[in-house]
Amino acid sequence: MEQKCPKRTTTLVALILLLSLTTLLPLFWPDHGEVRDVDTIIKMMEAEGGGDCDILAGEWVPNPDAPYYTNATCWAIHEHQNCMKYGRPDDGFMKWRWQPDGCDLPVFDPYQFLDTVRNKSLAFVGDSIGRNHMQSLICLLSRWRYTTFNFTMATFWSPFLVKAKEADLDGPTHTGLFNLYLDQANEEWTTQIEKFDYVIINAAHWFYRPSIYFENNKRIGCRYCLIKNVTDLPMSYGYRKALKTTFKTINNLKNFKGVTFLRTFAPAHFEGGEWNNGGNCLRQTPLRSNETLLEGANLEMYLIIMEEFSVAEREGKMKGLKYKLLDVTYAMLLRPDGHPSRYGHWPQENVVLYNDCVHWCLPGPIDSWSDFLLHALKMEGRMRGQ
């Protein structure tokens with residue numbers, strides 16, 4: 002579960018790279034349709050890997066050259082992810098890279114990235130994990146001086162992707178209670194993205210929060226709202242419906258010609274308790290692939306993502322639209338060592354903050370997402386040139 006967040010805003014951050022990177026916003030977090038078996042999903046993952054390098058299966062290997070920036074050299078790090086500033090005693094979690102089975106995934110190259118996105122624009126749409134990714138990308142870029150590439154980056158705050166209103170600031174779990182209009186797009190971002198060449202969308206962790214579900218402007222149920230005579234529905238119901246509405250909206254935009262990336266979710270790593278009951282994440286090294294499994298709620302969410310993405314990609318293709326999957330779920334499942342835990346604030350601060358095992362320290366494992374992104378951009382460019 003995520004920490005309390007500032008009031009919802011839609012923030013646009015233009016980064017016209019000289020690199021005088023401008024300001025950014027300082028955040029955080031059943032449909033009973035067909036569910037395919039794990040073997041089918043694995044085949045879908047393998048197909049998505051594509052090209053001559055399947056980057057989805059692999060291990061984390063030491064990378065003594067990392068990190069490529071520090072909390073002292075990058076201004077874009079959010080305080081709650083500034084782990085070294087707030088006393089994290091180890092730094093080994095920064096010194097790993099993702100090594101796919103059977104091939105190499107090159108470490109992010111800022112010049113190659115900027116040359117790839119020259120005269121283009123990129124929007125991040127989603128929650129604070131998306132913002133976490135964007136800030137990581139800014140840090141990776143900001144360590145160099147560049148000539149002008151005319152590259153614009155923006156972020157839109159929409160943790161549920163669909164239209165949502167906060168109905169109660171407190172709610173049953175003291176994280177708010179939200180009205181989710183599962184069949185209505187959030188126009189704060191859907192009316193803005195037609196001018197972008199690339200859009201990266203993500204959503205996951207906020208769907209664990211208590212929410213009331215609406216369709217056709219009628220209340221149909223809720224997720225742990227504890228309201229009498231309101232049907233309790235699983236988180237998966239709202240999540241699937243929100244993805245369906247999001248993809249349908251994108252596919253129906255009249256002037257959007259860009260590429261939509263769906264970034265899969267990164268699992269949380271609470272151990273020894275839940276997020277609000279003493280759970281923590283104190284490991285200092287990655288797991289090996291044979292030490293954990295994608296299971297339970299994590300597997301359920303992943304299956305929903307893969308199924309809804311497959312439908313959206315197929316329907317979008319008929320309209321000339323492109324979809325790409327940034328699949329980081331399995332790689333990040335192996336990184337319980339990369340979260341801020343209690344190192345997102347001073348220990349003596351008089352604030353109520355839970356151990357953060359959802360977001361990612363900067364520098365840290367999330368920097369590898371830009372390796373995945375650059376690989377996907379190069380693959381997309383290669384396909385466009387064929």
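So in our numbering the end of the sequence shown lands on 387, straight run, no missing numbers.
Ideal Cβ placement from N, Cα and C applies to all residues, glycine included.
Just so you know, these numbers come straight off a predicted model, no measurement behind them.
DSSP on residue i, reduced to helix/strand/coil?
i    : result
I78  : coil
Q113 : helix
G259 : coil
L374 : helix
E381 : helix
G93  : helix
W347 : coil
N356 : coil
Y214 : strand
D338 : helix
D198 : coil
Y324 : strand
D233 : strand
F150 : coil
F125 : strand
Can the beta-carbon of residue i be found closer than 8 Å to that of residue j?
i    : j    : result
F310 : L263 : yes
L327 : F257 : no
F266 : M302 : yes
N187 : V163 : yes
I221 : L178 : no
K379 : T117 : yes
G127 : N203 : yes
L254 : E195 : yes
R336 : P366 : yes
L354 : Q113 : no
W99  : S371 : no
P101 : G59  : yes
K325 : A377 : yes
F215 : N180 : yes
D169 : N217 : no
P364 : Y70  : yes
W190 : F157 : yes
I56  : L138 : no
H81  : D357 : yes
F94  : D338 : yes
D233 : Y240 : no
W97  : P63  : yes
M135 : F150 : no
Since residue i is in the alpha helix (DSSP H), which residue starts that stretch and which ends it?
i    : result
C140 : S129 to L142
P237 : According to the sequence shown, residue 237 is Ser rather than Pro. M236 to N252 is the span of the alpha helix (DSSP H), which, as asked, contains S237.
K318 : G297 to K318
Y331 : T330 to L334
E189 : E188 to T191
Could you give the residue range of the beta strand (DSSP E) that holds residue i?
i    : result
G222 : K219 to R224
T153 : T153 to W158
E292 : No beta strand (DSSP E) contains E292, which DSSP labels as neither H nor E.
Give me the DSSP bridge partner(s) of residue i.
i    : result
N281 : E272
Q100 : E60
L181 : A165 and Y214
V118 : Partner(s): none; V118 has no beta bridge.
Is any beta-carbon of chain D found at less than 8 Å from that of residue i?
i    : result
D233 : The question asks about chain D, but that chain is absent: this structure has only one protein chain.
- [ ] Specify whether the segment 85-97 and the segment 113-126 touch according to this definition: at least 3 beta carbon pairs, one from each stretch, less than 8 Å apart.
- [x] no
Open item on the list: With a threshold of 8 Å, are at least 3 pairs of Cβ atoms found where one atom belongs to the segment 132-151 and the other to the segment 56-75?
Closed with: yes
TODO: Count the C-beta pairs between the segment 343-359 and the segment 289-302 that are closer than 8 Å, then say yes if the count reaches three, no if not.
DONE: no
TODO: Check whether the segment 190-208 touches the segment 242-260, counting contact only when three or more Cβ pairs, one atom from each stretch, lie closer than 8 Å.
DONE: yes
TODO: Taking 8 Å as the threshold, find out whether the segment 238-246 comes into contact with the segment 280-298 through three or more Cβ pairs.
DONE: no
Open item on the list: With three or more C-beta pairs closer than 8 Å as the rule, is the segment 286-298 touching the segment 327-340?
Closed with: yes
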